[in-house]
Each structure stands twice: as C-alpha cells, then as structure tokens.
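Take a look at the structure set out below.
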Amino acid sequence: MAENILVIGGGPAGLNAATMLSEIGVKVTLVERDSFLGGNPKKFKYKFLFPDMQPADNVIGELIKKTETGSNIKVYYSSEISDFKEKGKKFDATIKSANGNETKTFDSVIVSTGFEHFDPARDAKYSYQLFDDVIDIKDLERMMGENNFVRPSNGQPPKNVAFILCVGSRDRHVGNQYCSRVCCTVSVKQAIELREHFPDCEVYIFYMDIRTYGFFEDLYWQAMEEHDVQIVKGRIAEITSGPDNTVVCKGEDTLLRGPFEIPFDMVVLASGMEGGPQSPEMSKKLGIELDEHGFLKPENVTLSPFKSNRPGIFLAGACTGPKAISDSITEGAAAAMNAYTYAVKNR
Amino acid sequence: MALEKQEHRPVAEKGEHIIARHLIEDDSIKEEKNLVIDGVDVSGRWNTFILSRVDAEYDRSFFREIKDTVVGSRINRCWQCGMCTASCTVTPLYRRFNPRAFIYMMQLGNLKELKKYIDVAWRCVGCYKCSQRCPKQVNPAEMMEALGLVIKKYFPEEVESKLKVDEDVKKIYDDMILGDGRLDLAKLHTSAMRKTGRTKELLGKIERDTIFKMAKDGRAFSILRLGKPRNWGKSKEAIENYLKNIKSIENSEN
Chain C
1 MAENILVIGG GPAGLNAATM LSEIGVKVTL VERDSFLGGN PKKFKYKFLF
51 PDMQPADNVI GELIKKTETG SNIKVYYSSE ISDFKEKGKK FDATIKSANG
101 NETKTFDSVI VSTGFEHFDP ARDAKYSYQL FDDVIDIKDL ERMMGENNFV
151 RPSNGQPPKN VAFILCVGSR DRHVGNQYCS RVCCTVSVKQ AIELREHFPD
201 CEVYIFYMDI RTYGFFEDLY WQAMEEHDVQ IVKGRIAEIT SGPDNTVVCK
251 GEDTLLRGPF EIPFDMVVLA SGMEGGPQSP EMSKKLGIEL DEHGFLKPEN
301 VTLSPFKSNR PGIFLAGACT GPKAISDSIT EGAAAAMNAY TYAVKNR
Chain Z
1 MALEKQEHRP VAEKGEHIIA RHLIEDDSIK EEKNLVIDGV DVSGRWNTFI
51 LSRVDAEYDR SFFREIKDTV VGSRINRCWQ CGMCTASCTV TPLYRRFNPR
101 AFIYMMQLGN LKELKKYIDV AWRCVGCYKC SQRCPKQVNP AEMMEALGLV
151 IKKYFPEEVE SKLKVDEDVK KIYDDMILGD GRLDLAKLHT SAMRKTGRTK
201 ELLGKIERDT IFKMAKDGRA FSILRLGKPR NWGKSKEAIE NYLKNIKSIE
251 NSEN
C-alpha cells in the first residue's frame with residue numbers, strides 16, 4: 001500500500017516536496033489556494049533570480065511541469081483545508097474546492113504555505129500608493145517581467161532611482177523586528193538590471209546595513225564595481241512630492257552627519273517578507289505553534305528546522321521565516337524525506 | 001535726540017545689517033520698494049535666508065569625472081568601511097583629515113562639504129597604509145591625489161589663499177626628484193632641520209648612535225649604493241621637457 005502525504009501550498013518548497021515524493025512512489029495530494037501553481041514567484045512574475053540571473057521560469061516552470069506531469073500527484077486548485085483531525089498516528093483532512101468537500105486520510109503532512117510581501121502602504125512615511133512613482137521590489141519585478149520598465153507616472157524612462165532597504169523589516173514601528181534576508185540581494189540585483197536597461201539612469205541604494213549574505217555578496221560588489229550603483233547610508237524618514245514630477249526622499253546621511261532631501265524620478269521600496277494571514281490560520285487549523293514574528297515555529301531551529309512541534313506535520317519554505325528560493329527548495333526536499341520516514345514508520 | 005539720529009541714519013547697503021553672513025547670498029536678495037499684495041504693503045528686502053542647509057542633490061557628473069582619472073578610477077568601489085581613516089598616519093594629527101569621508105563626498109559630488117576641508121585635504125603623506133589595508137582595493141592614497149586635483153580645479157582661489165607653497169622646500173624637493181629620481185628622506189630631514197635652525201640636534205646622541213649602528217651592520221653603505229634609478233638621464237630629460245611644456249602653456253594662457 002502506497003503512502004498518502006498531504007502538501008499544503010504549491011510554491012517552490014511545496015512543489016519540490018511533491019515531486020520528490022511522487023518520484024519514490026508516494027501518493028501526494030497538493031492543496032493550492034490559488035488557481036495556479038508556483039506561489040509568489042509566479043504570482044508576481046519574478047523574471048530573473050539571483051545570484052546567477054537565470055530566468056525564474058527555469059526554476060519555477062521546471063518545478064510546475066514536474067508536478068503537473070507527476071503520475072502520483074493530485075493537485076487541488078483554488079482550494080483550502082476546511083477541517084483537520086488527528087486519527088491515531090494519521091490525519092483526516094477535508095479539502096474544500098470548487099468540486100465540493102473531500103475527506104482523505106494522510107500518513108503525514110507538509111506545510112509550505114509561504115510568505116506574503118510586506119504591504120508598504122501600512123507604513124505611511126513611504127507614501128506608497130500616494131505617489132505613482134513610489135513602487136516596491138515586487139512591483140518592479142513584475143514590471144520587469146512584463147517588460148514594462150518605465151516610470152508609472154508618465155511612462156518615461158527614469159533618470160535617477162532610489163532603492164530604500166529595510167521597508168517593513170527591522171522596524172518596531174511596523175511590528176517586524178527581523179531581517180527579511182533577501183531584500184538586499186533582490187535590490188542590488190534589480191539595481192544592476194536597471195543600470196543595464198537604462199545606462200544613463202543613476203541608481204542609489206539607501207541602507208542601514210547591506211546584508212547580501214554568503215556568495216550573494218558577489219552581486220553587491222558587482223553592482224558597485226561594474227555598474228556604479230551608489231550606496232548611501234541612512235534610512236528614509238519621509239517621502240514627499242518634489243518639483244518636476246519627482247518624489248523627494250528625506251533622510252540623514254549618517255556618514256556625513258547631515259540632512260538631505262533628494263528628488264528622484266522613481267523610488268523602489270525593498271519591502272520585506274511576512275508570515276501573512278496564512279501562518280496563523282495554519283497554526284490554528286493544524287494545531288501547530290506560531291512564533292513571535294508571525295511565522296510557523298519549527299520544533300528546533302537548528303536540529304530540525306523542517307519539523308513542526310506536532311509529530312507528523314512538517315514545515316518547508318518561507319512559512320518558517322524569510323528565505324531565498326534555493327533554501328525553500330532545499331527545505332522542500334528535507335521535509336519530503338522526513339514526511340516519508342514518518343509515514344513508513346507508522347504504516 | 002533719538003528721533004533726529006534716526007532721520008540722519010544712512011540707508012544700509014543691501015543685506016549689510018545681516019549678521020549671519022554664511023546663510024545669505026547677496027546677489028539673491030530682492031529689494032522691493034513699493035510692493036503691495038492684496039492691499040498689504042510688503043515692501044522691503046526678501047530672500048535673506050536663501051541658502052539651504054540640506055543636501056538637495058547628488059552630482060554624479062563629478063563622480064564620473066573622478067572615475068575617468070587614473071588615480072581615481074576605483075572610486076566606485078568604496079563602501080565606506082573606514083579602514084583607510086583607521087589606518088591613516090595623518091588622521092591622529094589632523095582629525096579633520098578623513099580619507100573615508102572625502103571619498104564619500106567625491107562619490108556624491110558634495111562640493112559644498114568638500115570645500116570645508118581645503119586646508120587639510122592635502123595632508124596625505126603617501127605612506128600607502130590605507131591602500132595596503134583597503135578591503136576593496138580602492139587605493140585611497142591615490143584617491144587623495146584625485147581629491148587634490150579636483151580641489152585645485154573647482155576651488156582655485158581658495159587653494160591660492162589657504163595654501164602657501166614654501167619655495168625653499170619645493171626647490172629641495174624638486175632637485176631631489178629630478179636629480180636622483182627618488183626622495184632621499186635623510187637629506188629631506190636634514191634640510192628641514194637646517195631650515196628651522198635646529199642644526200645642533202642633527203648630531204645629537206640618538207642620531208650619532210643610529211649612524212654608528214647603521215655603519216656597523218652595513219645598512220649605511222647599502223643606502224649609499226642605492227644611487228639613481230637605471231637610465232635616469234632619459235627620464236630626467238622627459239620630465240624636464242614636460243615641465244617646460246606645462247610652463248609655456250600656462251604662460252600662453254595668461
């Protein structure tokens with residue numbers, strides 16, 4: 001008898017977990033809330049992925065293809081878990097979709113519900129949605145994905161662009177004290193793309209710390225040394241409208257100890273990652289622990305970052321905290337292995 | 001009495017009575033004799049506080065200019081860690097000499113800020129400790145040369161008034177470079193001592209001991225053997241020609 005494993009969430013982590021389990025002959029049920037697979041990278045049309053600038057489709061498209069063609073995978077689109085009960089060492093889950101409710105018994109569960117982009121409109125100082133030319137990294141990524149690389153206000157190419165790091169991260173004011181890890185790297189990646197696309201456009205990055213960890217540092221060096229991206233130390237306290245249809249960033253240059261009010265054609269906010277509404281929802285439905293940052297809490301952050309506090313329920317990807325796509329894919333595989341082991345042990 | 005005095009008071013020059021001179025620009029002051037707006041007389045002097053105390057633009061053309069020079073070509077690499085200032089020989093003596101900050105001002109084209117440091121910006125002694133320690137190989141020592149070039153270009157008058165070249169020292173320095181193709185630090189030291197009238201100190205106990213020690217272990221002789229760079233004559237000729245050309249260009253411009 002083949003094992004039955006439930007994967008909740010069809011982003012990079014969930015897709016990889018599902019395809020790996022399917023390859024070893026496990027019956028996988030993949031529950032996806034959207035009408036498509038691929039998670040945030042697909043939803044916001046990520047174009048190129050750091051650090052090697054490969055097309056996102058090479059990664060996400062590949063995972064989707066494998067999942068869709070996997071013989072042992074059943075995908076439920078636009079669906080959710082409406083009921084969840086423990087049954088001995090196994091679990092009874094009711095999947096609610098357009099075709100009605102369906103209750104199945106699963107040997108183990110992988111939660112890979114991912115993250116939500118921080119909504120910069122929640123922090124009024126950045127004037128997001130107030131000015132057309134203030135956008136955030138997910139908007140820029142989508143604009144690049146749609147090949148629509150211009151100022152939203154007038155359709156002209158920008159002459160100077162500012163990136164503002166740590167928007168919605170490392171800020172008690174909005175309730176997020178953690179670092180979202182990837183926004184620095186995404187920002188330098190997009191800065192390089194902007195400079196390549198518009199060689200006459202000057203790009204500035206306002207930072208407090210630049211955290212392009214590990215080998216992502218190469219991208220940061222490349223941005224400075226090959227593309228003349230200028231970094232300026234200081235966080236932006238206010239964005240107002242300026243002369244000639246510009247937006248003015250007001251801040252302090254902490255290296256020169258002086259105030260500045262610089263007009264830009266376009267401002268890109270490096271908004272961070274949040275657990276979103278799905279993390280507390282999963283925590284409630286599945287009876288697993290939520291951490292103080294609003295993400296799902298692993299049983300042991302070092303020894304078993306892919307296990308929840310409840311035996312048989314495993315975690316993968318950005319639902320346990322901000323991470324890069326590569327890390328999510330790795331965790332998907334780790335969770336798959338553990339979910340399979342649990343299922344075989346309790347056969 | 002007071003009334004009479006007021007009647008005879010001469011009319012002040014435009015902006016004359018403003019004490020905080022650094023905040024105004026005389027040319028921008030507007031003087032309106034009979035200005036009435038909506039029935040209110042607003043005659044008087046306007047624009048008396050026109051200088052912004054906020055940095056309002058980044059001038060990247062300046063950055064490009066420096067990047068195009070040989071000595072400043074690596075300006076885009078600097079990430080402001082402060083290793084150069086930390087290792088600097090001069091900063092402990094002149095706190096206002098801060099290579100890190102100078103590079104930053106050059107990156108952002110902040111001439112307003114750079115102008116405040118004209119008096120110390122030349123203090124680099126060229127020890128190259130910063131360049132050796134710089135984690136990004138910015139070569140800050142040569143960046144300080146780029147700084148000198150831009151300051152000379154953008155603030156010629158201030159440089160003229162704030163920096164006096166000591167002709168005697170310049171001659172000793174020039175003769176050494178042209179004559180031998182290298183700096184003889186001992187010779188530079190002794191000539192400086194002579195110039196300040198401290199000839200007696202030249203052969204004090206410490207100096208005598210050092211000379212004796214160096215003669216004993218042979219270092220004194222190896223210094224003498226250093227001599228000139230090979231084929232110095234040709235280089236000397238080229239440099240002299242170059243200097244002559246520059247002078248003739250300068251003369252023709254004047």
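Going down the list, the protein sequences come from chains C and Z.
Just so you know, the first sequence maps onto residues 1 to 347 in the numbering used here.
Just so you know, the second sequence maps onto residues 1 to 254 in the numbering used here.
Every residue, glycine too, gets a C-beta built ideally from N, C-alpha and C.
Asn338 (chain C), enclosing alpha helix (DSSP H) - first and last residue: 325-345
Under 9 Å from the C-beta of Ile239 (chain C): neighbouring residues of chain Z: Ordered by position in chain Z, no residue passes the 9 Å Cβ test against Ile239 (chain C), which lies about 15 Å from the chain.
Which residues in chain Z have a C-beta closer than 8 Å to the C-beta of Lys233 (chain C)? List them in chain order. Gln80
For Lys30 (chain Z), which of helix, strand or coil comes out of DSSP? strand
For Tyr76 (chain C) and Gly9 (chain C), the rounded distance between their alpha carbons: 10 Å
Apply the 10 Å Cβ neighbour rule to Cys127 (chain Z) and answer buried if 16 or more other Cβ atoms are within range, or exposed otherwise. exposed
Step through the CB atoms of chain C and report whether any lies within less than 7 Å of the CB of Arg60 (chain Z). yes
Please report the straight-line C-alpha distance between Lys244 (chain Z) and Asp168 (chain Z), rounded to a whole angstrom. 20 Å
Proximity to Ala86 (chain Z) [Cα-Cα], best of Z:Glu65, Z:Asn76, Z:Phe62, Z:Lys129: Z:Lys129
Are any of the Cβ atoms in chain C nearer than 7 Å to that of Arg95 (chain Z)? no
So which residues on chain C does Ala56 (chain Z) lean against when the C-beta distance must stay under 8 Å? Phe260, Glu261, Ile262, Pro263
In chain order, what residues of the same chain have a beta carbon less than 7 Å from the beta carbon of Phe295 (chain C), not counting five sequence neighbours either side? Gly275, Ser279, Cys319, Thr320, Gly321
Any beta-carbon of chain C closer than 7 Å to the one on Asn245 (chain Z)? no
To the nearest angstrom, how far is it from the Cα of His293 (chain C) to the Cα of Asp38 (chain Z)? 59 Å
With Asn40 (chain C) as the anchor, note down where its alpha helix (DSSP H) starts and where it stops. 39-43
Could you pull the start and end residues of the beta strand (DSSP E) that Phe91 (chain C) belongs to? 90-97
What residues of chain C sit near Tyr104 (chain Z), judged by a beta carbon separation below 7 Å? Leu255, Leu256
Where Gln177 (chain C) falls, given that 16 or more other Cβ within 10 Å makes a residue buried: exposed
Quick one: which residues of the region 114-139 of chain Z get their C-beta closer than 9 Å to a C-beta of chain C? List them in chain order. Lys136
Which two residues bound the contiguous beta strand (DSSP E) that contains Phe350 (chain C)? Outside the displayed span of chain C (1 to 347) sits residue 350 (chain C), for which this structure offers no information.
Which residues share a DSSP beta bridge with Asp83 (chain C)? C:Thr94
On the CB-based measure, 16 or more other CB atoms within 10 Å of its CB, does Gln54 (chain C) come out buried or exposed? exposed
Can you round the beta-carbon distance between Asp168 (chain C) and Phe118 (chain C) to whole angstroms, since I take them to be within the 8 Å contact cut? A quick correction: the sequence has Gly, not Asp, at residue 168 (chain C). Going by Cβ atoms, the distance from Gly168 (chain C) to Phe118 (chain C) rounds to 3 Å, so yes, they are a contact pair.
Going along the chain, which residues of its own chain have a beta-carbon closer than 7 Å to the beta-carbon of Cys78 (chain Z), five neighbours each way excluded? Ile103, Gln107, Lys136, Val138
Buried or exposed by the 16-neighbour rule on C-beta atoms within 10 Å, applied to Ala335 (chain C): buried
Pro55 (chain C) by DSSP, collapsed to three states: which one? strand
In whole angstroms, what is the alpha-carbon distance linking Leu30 (chain C) and Ile205 (chain C)? 40 Å
Could you pull out every residue in the same chain whose Cβ sits closer than 8 Å to the Cβ of Ala192 (chain Z), ignoring the five residues on either side in sequence? Val169
Would you say Asp80 (chain C) faces chain Z, with C-beta separation under 7 Å as the test? It should be pointed out that residue 80 (chain C) corresponds to Glu in this sequence rather than to Asp. With 7 Å as the cut-off, Glu80 (chain C) does not count as an interface residue toward chain Z.
Look up Met208 (chain C) in the DSSP assignment and say whether it is helix, strand or coil. coil
Does Asp228 (chain C) have its Cβ less than 7 Å from a Cβ in chain Z? yes
Under a CB-based cut-off of 7 Å, is Arg45 (chain Z) close to chain C? no
What residues are listed by DSSP as bridge partners for Gln230 (chain C)? C:Tyr204
Check whether chain Z comes within 7 Å of Met224 (chain C), counting only Cβ atoms and requiring the distance to be less than that. yes
So is Glu196 (chain C) in contact with chain Z if we call contact Cβ pairs under 7 Å? no
Apart from the five residues on each side of it in sequence, which residues of its chain come closer than 6 Å, Cβ to Cβ, to Asn4 (chain C)? Lys27, Phe106, Asp107
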